[in-house]
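In the working numbering, the protein residues as written are -14 to 85. Taking it in order: structure first as structure tokens, then the write-up.
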């Protein structure tokens, strides 16, 4: 996420989801920043946070084990892990946000 176009674009959507209707999980690849305003807002949004392994197979298992109904990629192509994760069938429905 971070303080750049993707984080700024999706922060309001993620933070604004009704937690009575949606169980929100955030998956971070490459560590979770501690000094970033956008990330701090997301971490305080009553979401379950997951730090993904850099190993594709392990990361696929981490996401798949959650049992998601919907998985939304906020960006695809900024790094190889998110790119290759997007090829997996990790949720019943998968979508991509229009960030990249």
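Glycine is no exception: its CB is placed at the ideal position from the N, C-alpha and C atoms. Model, not experiment: these values are computed from the prediction.
Query	Result
From this set, 66, -9, -5, 12, which residue's C-alpha is nearest residue 50's C-alpha?	12
With DSSP as the reference, identify every bridge partner of residue 10, one or two as the case may be.	33
Alpha carbon to alpha carbon, how far is residue -6 from residue 70?	21 Å
State whether the stretch 4 to 21 contacts the stretch 29 to 42, with contact taken as three or more CB pairs (one from each stretch) at a distance under 8 Å.	yes
Check whether the stretch 23 to 30 touches the stretch -4 to 3, counting contact only when three or more Cβ pairs, one atom from each stretch, lie closer than 8 Å.	yes
Mind checking which residues open and close the alpha helix (DSSP H) that includes residue -7?	-10 to 1
Does the beta-carbon of residue -10 have 16 or more other beta-carbons within 10 angstroms, so that it is buried, or is it exposed?	exposed
Whole angstroms are fine: how far does the CA of residue 62 sit from the CA of residue 9?	23 Å
Please give me, in chain order, every unbroken run of the alpha helix (DSSP H) with length at least 4 that falls completely inside the stretch 14 to 69.	22 to 28, 41 to 49
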